[in-house]
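Following: one structure in structure tokens, then a few remarks.
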Amino acid sequence: MKEVVIASSPIDAGISCWDLISGAEQLRYRSCTSPPHGLLCLGRRFLVSSQLRDPSSSSSSGSILYWSWNKPQPEVKSFPAEPISPLVSNTDGTYIIGGGSSGNIYLWEVASGRLLKKWNAHYRAVTCLVLSDDESLLISGAEDGFVRVWSLLMMFDDIGNTMATHLYEHNFSEHTLRVTDIVSGYGGCNAIIISSSEDRTCKVWSLSKGKLLRTIDFPSIIDAIALDPGEHVFYAGGRDGKIYIASLTGDSNSTSKYGMHIVGALSDHSKAVTCLALSVDGVKLVSGFEDGTIWIWNTTSKKMIRVLKHAKGPVSNVLVVSRSPQVQSSVITQASISRRHASSLPPPLDKYMNSSDENVDLKPVNALQAPHSETLDAFYCSYHVMKNQIKELQQEGSSAASELELERLRVESNRSLQVAQQWKKMYDDLHLFSVNELVEGGQTGVSYETSA
7 MKEVVIASSP
17 IDAGISCWDL
27 ISGAEQLRYR
37 SCTSPPHGLL
47 CLGRRFLVSS
57 QLRDPSSSSS
67 SGSILYWSWN
77 KPQPEVKSFP
87 AEPISPLVSN
97 TDGTYIIGGG
107 SSGNIYLWEV
117 ASGRLLKKWN
127 AHYRAVTCLV
137 LSDDESLLIS
147 GAEDGFVRVW
157 SLLMMFDDIG
167 NTMATHLYEH
177 NFSEHTLRVT
187 DIVSGYGGCN
197 AIIISSSEDR
207 TCKVWSLSKG
217 KLLRTIDFPS
227 IIDAIALDPG
237 EHVFYAGGRD
247 GKIYIASLTG
257 DSNSTSKYGM
267 HIVGALSDHS
277 KAVTCLALSV
287 DGVKLVSGFE
297 DGTIWIWNTT
307 SKKMIRVLKH
317 AKGPVSNVLV
327 VSRSPQVQSS
337 VITQASISRR
347 HASSLPPPLD
357 KYMNSSDENV
367 DLKPVNALQA
377 PHSETLDAFY
387 CSYHVMKNQI
397 KELQQEGSSA
407 ASELELERLR
417 VESNRSLQVA
427 QQWKKMYDDL
437 HLFSVNELVE
447 GGQTGVSYET
457 SA
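No gaps in the numbering here: position 300 of the sequence shown is 306 in my numbering, and each next residue is one more.
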């Protein structure tokens with residue numbers, strides 16, 4: 007697997023892609039005006055970006071675009087109900103989550119394009135979204151200064167949500183100004199998260215305890231953060247052009263010229279740092295700047311090793327994505343078969359929720375794989391998508407090949423249904439166990455209330 011650097015800009019400069027090691031440009035994708043946190047790689051199959059043509063306008067002027075890896079022009083265009091800025095997706099590319107300018111959060115199923123969930127998450131525009139490493143929790147930050155944690159499982163528990171006083175798991179309100187970035191560590195619900203804000207602080211939170219662990223004050227506003235894989239330090243990109251190195255260990259280093267817990271800095275650029283990303287091993291740090299340049303650093307030697315040029319305007323997003331050369335070659339070969347390529351494209355995302363979705367069974371199953379993506383991880387879709395694909399095969403004819411494929415799909419569908427039923431039984435057993443524990447605890451006088 008090789009790693010590539012992907013960058014975008016809020017002006018119409020497209021998306022650039024370079025090899026992380028050699029710096030060779032791979033391909034430039036056209037027609038992209040991506041806001042901060044509005045670029046992602048969807049299941050290693052597509053590049054996805056939210057678009058804000060007129061950031062000062064409150065009208066529904068935004069869109070979400072898909073690019074295939076080997077196609078320079080966008081191939082799928084969606085038009086949500088309101089402008090979307092931050093985007094995040096799970097590793098397999100099953101769903102996309104977007105944050106709206108009104109404070110709403112939207113969750114779409116990729117394979118069908120259906121809007122599965124929409125909820126009011128913040129009082130003002132959502133600025134950043136990130137998933138926990140086990141992808142069970144969604145963490146959101148917004149212009150209202152709040153950082154909120156959402157359980158994706160509980161978001162679909164309509165009965166529980168009706169009884170709850172609020173939908174979020176945690177509400178961190180210590181920031182006094184707009185939240186600019188969030189990163190999550192390892193450990194799922196036991197991980198730490200770090201948030202940055204225009205109040206010139208970065209705050210470290212405990213997901214398991216639901217409380218603030220540490221506040222680090224910086225000399226400048228921090229717009230981007232990146233967490234070292236070992237979680238000993240994190241990097242904070244400031245509007246003063248410096249990339250600060252902050253310690254997460256017990257060492258406070260009160261003698262540092264930058265401030266408490268800040269153990270050093272990588273850069274003294276003349277322009278603001280706008281975005282940061284780390285390689286998988288944490289050895290290379292990629293930083294985007296306001297002047298359109300991208301600097302790559304060796305975090306061990308703390309030396310800058312390469313400069314890339316993206317555009318005249320600021321760099322709004324940088325990603326480091328692992329790609330297989332064999333997969334890339336296969337994609338290019340299969341792209342010549344237009345019919346197969348078209349069938350592998352996901353549909354546009356729905357603008358509104360369908361009222362009939364409340365009665366649709368959402369059993370997770372393995373989706374059909376495009377011919378060129380056999381070496382990729384399987385992604386998932388809902389059961390009704392599988393049924394639609396079976397109907398399409400039936401309509402194409404009764405050839406031997408179609409019959410074999412239809413039988414294979416039936417077997418996979420039945421297997422997936424069995425797995426879904428097993429998960430449902432496990433959930434029911436866990437729910438019954440929890441209820442029994444609460445009842446028995448109440449009878450023995452044990453208090454389950456969390457101390458303030």
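Beta carbons are placed, not taken as given, at the ideal position from N, Cα and C, and that holds for glycine.
- Annotated as proximal: Thr305 and Gly288, with beta-carbon spacing under 9 Å.
- Excluding its 5 nearest sequence neighbours in each direction, Phe85 has C-beta neighbours in its own chain below 7 Å: Ser69 and Lys357, listed in chain order.
- Annotation for Asp187: the continuous beta strand (DSSP E) segment containing it runs Val185 to Ser190.
- Just measuring C-alpha positions, the residue of Ser67, Ile145 and Asn126 sitting nearest Val94 is Ile145.
- For the beta strand (DSSP E) assignment, the uninterrupted runs of no fewer than 3 residues enclosed by the segment 43-107 are, from N- to C-terminal side, 45-48, 52-58, 68-74, 82-84, 90-95 and 101-106.
- Taking the CA atoms as reference points, Ser107 sits about 44 Å from Arg414.
- In this structure Ser179 touches Gly151 by the C-beta definition: roughly 7 Å separates them, less than 8 Å.
- Between the alpha carbons of Arg130 and Ser28 lies a gap of roughly 42 Å.
- Taking the C-beta atoms as reference points, Ile231 is found nearer than 9 Å to Gly243.
- Between the alpha carbons of Ala87 and Lys124 lies a distance of about 11 Å.
- Burial of Thr133 is indicated by the presence of at least 16 other C-beta atoms within 10 angstroms of its C-beta.
- Proximity to Tyr241 across Tyr192, Ile268 and Lys83 peaks at Ile268, based on C-alpha coordinates.
- Pairing Pro89 with Leu113 gives a Cβ-Cβ distance that is not under 9 Å.
- At the C-beta level, Val292 and Ile302 come within 9 Å of one another.
- Rounded to the nearest whole angstrom, the CA to CA distance from Trp73 to Ile21 is 10 Å.
- Where Asp246 is concerned, there is no enclosing beta strand (DSSP E), because DSSP gives it neither an H nor an E.
- Here the C-alpha atom of Val321 lies approximately 5 Å from the C-alpha atom of Gly298.
- The beta carbon of Lys309 lies closer than 6 Å to none in the same chain, with the five residues before and after it left out.
- Secondary structure note for Asp229: its beta strand (DSSP E) is the uninterrupted segment Ile228 to Leu233.
- Residues Ser84, Pro352, Pro353, Pro354, Leu355 and Asp356 of the same chain have their beta carbon placed closer than 8 Å to that of Gly119, with the five preceding and five following residues left out of the count.
- According to DSSP, residue pairing for Val132 in a beta bridge involves Ala148.
- Residue pairing by DSSP places Ser293 opposite Leu282 and Trp301 in a beta bridge.
- Of the other Cβ atoms in all chains shown, fewer than 16 fall within 10 Å of the Cβ of Thr182; this residue is therefore exposed.
- The C-beta distance from Lys277 to Gly247 rounds to 6 Å, short enough to fall under 8 Å.
- In the three-state reduction of the DSSP assignment, Cys38 falls in the coil class, being assigned neither a helical nor a strand state.
- Between the alpha carbons of Glu446 and Val327 lies a gap of roughly 49 Å.
- Its Cα nearest to that of Asp18, the residue Pro41 stands out among Ser226, Asp25, Pro41 and Ala30.
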